[in-house]
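What follows is a set of notes on a single structure, which appears directly below.
Residue numbers (UniProt numbering): 1 to 127.
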């Protein structure tokens, strides 16, 4: 079963990456913050990709950890100085982005609408 953890904002993300990690595969989903009124992200691409991502994680290896990192509201994300964009740790260009922690492997934007790409990311063994 996949374990999930929600982190909010860049500070929450940094706190998470500073914690010790076990050997389970860790994936980080960078997404727009969910709106309180709807429970859906302000980011329409994130909303569109969510069912594909959820389906992919249904068959992820046992012990996999999915960290959902909400990047903030639309204005914060669109700011060219947004730390999620400028940080060498994240280097985000688009939302949503699904990255395998500790590697360069990631899927961005429309790639997350392709179930086969998500499956490949989740089952790919590190060398």
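Glycine included, C-beta positions come from ideal geometry on N, C-alpha and C.
{"Item": "Considering Cα atoms alone, identify which of 19, 91 and 83 is closest to residue 67.", "Value": "19"}
{"Item": "Along the beta strand (DSSP E) that carries residue 23, what are the first and last residues, could you check?", "Value": "Segment: none, residue 23 is in no beta strand (DSSP E) and carries neither H nor E."}
{"Item": "With burial defined as no fewer than 16 other Cβ atoms inside 10 Å of the residue's Cβ, what is the status of residue 62: buried or exposed?", "Value": "exposed"}
{"Item": "Tell me whether residue 68 sits in a helix, a strand or coil according to DSSP, three-state version.", "Value": "strand"}
{"Item": "Relative to the C-alpha of residue 121, which candidate in 75, 105, 110 and 6 has its C-alpha closest?", "Value": "105"}
{"Item": "Do residue 25 and residue 64 have their C-beta atoms within less than 7 Å of each other?", "Value": "yes"}
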